């Protein structure tokens, strides 16, 4: 249900962007839009092709990924940097100690190939925010300055937060899970649970989530610097890395809360693996079977993209 709602919002927003593109061409700014459009198509196709070759995407994932990549590239090269950093580092994280994960998770997929649904669940929130950014002033690279341009800065922070949150959660689950020396704790009760349980967390996992988010913040900063914006780079560095780090941590914690309560986790006593559906020989650990992992990821990216920029804007105004 959530995927269908998100797809509908995504499609409507995309249609509005296409109408806006036609209007801009009619009013004489077609040359700028056309050049940016061609560049965005080339970049998104190259990245999708690279993902196929590396087996990080299957064909359906590559098709949807091309559209998501085009939207981020066209709207802002800073958004492109964030998206590519998320895609590249999360793919690496998925392959980290993959042999160990294979024995822990029943849903484990060799190579971590992402399909269209996974791409949409992780990228729809940031894509919608990026398209709203286009509709509110056009594409371009923007320093986040809430006191000068609140809405565009908020939307930029929302794109960054969504991708940083997704990356932080991926790093926590893919790297933190195999690096932790102790059993994870269930976030709702703090009792020990088997490795791979939805809603479980470890200290190393929380650290990985913050680092995963901060890397995305650094990517935004680098793209902003290369775009030759006349800004106070030191102030932007602190703000962007703060947003990325906070979003990575927030996304991981929120994902754990939703996973522990609304996503089923059980231990298959025959295989010793964690499963997401009740069944014969499955011992319940936590959660109710309301959402699967993809839906939880979508909820997390949506909430993170709204909560983090709102909190950051409030803090920005308080300390400015």
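In my numbering, the protein residues as written are 257 to 576.
Virtual Cβ for every residue (Gly too), placed ideally from N, Cα, C.
Just so you know, these numbers come straight off a predicted model, no measurement behind them.
Residue(s) in a DSSP beta bridge with residue i
| i | result |
| --- | --- |
| residue 457 | 441 |
| residue 448 | 441 |
| residue 370 | 313 |
With 16 other Cβ atoms within 10 Å as the buried cut-off, status of residue i
| i | result |
| --- | --- |
| residue 423 | buried |
| residue 541 | buried |
| residue 440 | buried |
| residue 551 | buried |
| residue 525 | exposed |
| residue 530 | buried |
| residue 537 | exposed |
| residue 433 | buried |
| residue 298 | exposed |
| residue 632 | An answer regarding residue 632 cannot be provided, because it is not within the stretch 257 to 576 covered by the chain. |
| residue 427 | buried |
| residue 406 | exposed |
| residue 543 | buried |
| residue 403 | exposed |
| residue 447 | exposed |
| residue 574 | exposed |
| residue 264 | exposed |
| residue 507 | buried |
| residue 201 | Outside the displayed range of the chain (257 to 576) lies residue 201, so it cannot be described from this structure. |
| residue 271 | exposed |
| residue 484 | exposed |
| residue 266 | buried |
CB-CB length for residue i against residue j, believed under 8 angstroms
| i | j | result |
| --- | --- | --- |
| residue 563 | residue 410 | Going by Cβ atoms, the distance from residue 563 to residue 410 rounds to 12 angstroms, so no, they are not a contact pair. |
| residue 400 | residue 496 | 7 angstroms |
| residue 469 | residue 501 | 5 angstroms |
| residue 415 | residue 338 | 7 angstroms |
| residue 453 | residue 462 | That belief does not hold up - the Cβ atoms of residue 453 and residue 462 are roughly 16 angstroms apart, past 8 angstroms. |
| residue 412 | residue 398 | 5 angstroms |
| residue 521 | residue 381 | In fact, because the Cβ distance is near 24 angstroms, the residues do not count as touching under 8 angstroms. |
| residue 373 | residue 312 | About 15 angstroms separates the two Cβ atoms, so there is no contact after all. |
| residue 341 | residue 472 | 5 angstroms |
Simplified DSSP state of residue i, which is helix, strand or coil
| i | result |
| --- | --- |
| residue 310 | coil |
| residue 326 | helix |
| residue 405 | coil |
| residue 465 | helix |
| residue 288 | helix |
| residue 414 | helix |
| residue 331 | helix |
| residue 420 | helix |
| residue 436 | coil |
| residue 295 | helix |
| residue 343 | helix |
| residue 266 | helix |
| residue 575 | helix |
| residue 277 | helix |
Min CB distance residue i to chain C below 8 angstroms
| i | result |
| --- | --- |
| residue 286 | Protein chain content of the structure displayed is limited to a single chain, and chain C is not contained in it. |
Worksheet item: Whole alpha helix (DSSP H) runs in the stretch 473–560 with 4 or more residues, listed along the chain?
Response: 489–518
Worksheet entry | Those runs of the alpha helix (DSSP H) which lie wholly inside the stretch 373–401 and span at least 4 residues | none
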